[in-house]
Amino acid sequence: MSSNPLGVHDRVQKKHTTAQKSGGVKYQSGNNMPSATGASNGSPELPAIPASDSNSEFAVLAGVRAVPLLNLDDDHSRHRRLGYVPIDLVLVLDVSSSMIGAKIALLKRAVEFVIQNLGPSDRLSIVAFSYDAKRILPLRRMSGIGHKDASLAASYLTIVGGTDIVGGLKKGVRVLEERKGRNPVASIMLLSDGQDGKGHSHLNINQNLPASICPRSGKAAIYPVHTFGFGLDHDSVMLNAISDASGGTFSFIESIDMVQEAFARCVGGLLSVVAQQVQLAMTTVSPGVRIGSITSGRHFNKNSGQGQQGIIDVEDLYADEEKEFLVYLSIPVATSKEKVEGKTLLLDVTCSYIDPLSNEKVQVKGVRVQIRRPEHLCPSDAVASMEVDRHRNRVWVVEGITEAKVKIEMEDVKGAQDVLDKHRSTLLSSASAQAGDWLCSQLEAELIEVKKRMASVKSYEKKGRTYVLAGLSSHSTKGLLLVGSRQSRSMMIL
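Each residue of the sequence shown is one higher than the last, beginning at 1 in full-length UniProt numbering.
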């Protein structure tokens with residue numbers, strides 16, 4: 001069990017301790033929560049292991065949760081509501097000939113929605129691309145006149161011709177790279193409904209896009225690109241590759257009337273960033289306990305010091321967002337001291353982040369994860385953690401969908417279906433599924449939908465590939481993603 005006096009998932013307290021400054025780093029002391037993130041948490045898969053036993057793959061769920069905006073102190077909350085952490089946003093929009101009719105009208109409405117939801121400290125630029133790319137709105141503050149200029153630019157969006165996705169994205173990146181002054185949060189939203197007409201593909205995307213969004217040599221991207229595939233004919237593989245390389249998300253807009261809703265969810269997140277460059281750090285405590293592996297999806301992790309230290313780069317956190325990761329430990333037989341004390345100390349889990357308000361580094365008070373080491377287990381010791389089990393289920397389902405995707409891409413329809421059936425069966429037999437866990441129900445529904453879209457190679461190529469890529473993107477970032485159609489859609493709160 002965790003020795004965290006706050007509990008694993010305690011909500012933020014309204015009172016905050018005074019940050020003690022030391023070398024540019026704010027340290028939080030006492031048992032109160034910091035201003036932007038809740039305390040880091042850790043939960044072992046079992047509360048106890050017999051003292052005479054060892055375990056080579058013991059799971060601990062480590063994570064961090066950002067506070068809800070409404071639970072911040074009064075001054076902090078008021079600043080947030082007023083857009084005190086402003087953003088620089090670039091919309092890169094496809095206006096090729098395939099966007100004719102209702103598509104362009106709904107796109108204009110969605111852009112207007114974005115404009116009206118940005119505050120006077122936020123800045124917006126709009127890039128439109130077809131056979132070439134044009135900056136139809138330079139980076140402007142969304143004050144009264146800025147709103148008017150942006151709305152006018154949106155109303156002038158005009159259908160032209162071909163589709164140069166890479167050219168449009170390069171123009172959008174240039175807006176951010178050449179800007180004078182910088183807001184704390186900067187991002188790009190790219191929407192396209194077609195295939196790139198200049199011969200670019202996901203295979204050469206890294207060579208054709210700037211390092212600030214497609215980094216080389218393992219470096220982190222500077223500007224996340226959130227991509228939106230509009231309709232059934234867009235290049236989902238390319239858009240997913242762009243979002244994956246840049247640290248953004250890929251969303252599938254199957255029905256044209258969902259574009260505003262998809263934009264709203266993305267912008268809502270960008271406007272509620274409360275912590276940047278979040279990093280979880282884990283250090284083993286007892287001799288012999290070692291970190292074997294870390295499951296962190298797309299987030300970079302590092303296991304060092306011969307398994308004694310691990311880090312996960314969590315990136316930015318939105319208000320009330322929670323990210324959790326499975327850390328697998330090797331636990332030896334209990335030492336004489338541990339037998340006397342009846343426990344083994346496993347991990348210290350700490351968190352640091354950059355406060356976008358002050359640009360200072362904040363170190364969050366950590367938690368220590370421990371388990372009991374009795375000679376003999378009692379019945380309650382065999383009860384697995386529901387949180388760990390449900391997260392394992394997520395990883396299991398992602399592995400299944402990924403494996404099925406490989407098979408269907410090789411036109412092995414039966415193989416793909418069998419993989420999905422096997423993973424669904426295992427999911428339903430898990431403890432959390434048996435307990436009626438809501439996430440397990442969503443994961444099962446996702447497996448069923450993926451199987452339906454993999455019923456044939458033709459159906460997969462038409463509707464399945466995009467759906468699968470969007471779902472995997474959501475799981476890898478553990479975000480909120482809108483996929484599907486208005487009649488049948490999955491709001492994957494993951």
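We treat Cβ as the ideally placed atom computed from N, Cα and C, and that holds for glycine.
If you draw a 10 Å sphere on the C-beta of P224, you find 16 or more other C-beta atoms in it, and that means buried.
Judged by their CB atoms, T344 and S286 are nearer to each other than the 7 Å cut-off. When C-alpha distances from K407 are compared across K451, V340, I136, the shortest belongs to K451.
Going by DSSP, K134 is part of the beta strand (DSSP E) stretching over 133-141. Following the DSSP letters along the chain, one finds R109 inside the alpha helix (DSSP H) bounded by residues 102-116.
CA-to-CA, the gap between V457 and V419 works out to about 16 Å. Nearest neighbour of S352 by Cα position, chosen from V362, N208, L346, turns out to be V362. The Cβ atoms of S125 and V90 lie closer than 7 Å to each other.
Residue environment: N41 is assigned as buried (16 or more neighbouring CB atoms within 10 Å of its CB, all protein chains considered).
Sixteen is the threshold: when 16 or more other Cβ atoms of the shown chains lie within 10 Å of the Cβ of M282, as they do, the residue is buried. For C214, the three-state secondary structure derived from DSSP is coil. Taking C-beta separations shorter than 6 Å and ignoring five residues to either side along the sequence, the partners of M454 in its chain run I408, A416, Y460, G464, following chain order. Ranked by Cα distance from S151, the first of R141, V160, I159 is R141. Around the beta-carbon of S432, 16 or more other beta-carbon atoms lie within 10 Å, marking it buried.
Within its own chain, the residues whose Cβ lies closer than 7 Å to the Cβ of H391, once the five positions on either side in sequence are excluded, are L61, E324, L326, listed in chain order. Checking the DSSP bridge columns, you'll see R123 partnered with D88, R141. Cβ neighbours of R372 within its own chain (closer than 7 Å, five residues either side excluded): P47, A48, G342, K343. Across the set I87, R65, S336, the C-alpha of I87 shows the shortest separation from the C-alpha of L357.
Between K108 and A133, the C-beta spacing is not below 7 Å. Around the C-beta of Y467, 16 or more other C-beta atoms lie within 10 Å, and the residue is accordingly described as buried. Non-local beta-carbon contacts of P210 in its own chain, meaning distances under 6 Å to residues more than five positions away in sequence, involve V173 in chain order. The C-beta distance from D244 to S473 rounds to 7 Å, short enough to meet the 8 Å contact threshold. Judged by DSSP in its simplified three-state form, K180 adopts coil rather than helix or strand. Taken through DSSP and simplified to helix, strand or coil, M99 comes out as helix.
The shortest C-alpha to C-alpha distance from Q279 to any of Q306, G307, I354 is the one to I354. Rounded to the nearest angstrom, the Cβ distance from V395 to T295 is 6 Å, consistent with a contact under 8 Å. Using a Cβ-Cβ distance cut-off of 8 Å, the segment 289-304 and the segment 365-384 are not in contact, since fewer than three pairs of beta carbons, one from each stretch, lie closer than that value. Here R453 carries a helix assignment [DSSP, helix/strand/coil]. Looking at the DSSP output, M282 shares a beta bridge with G310, V349.
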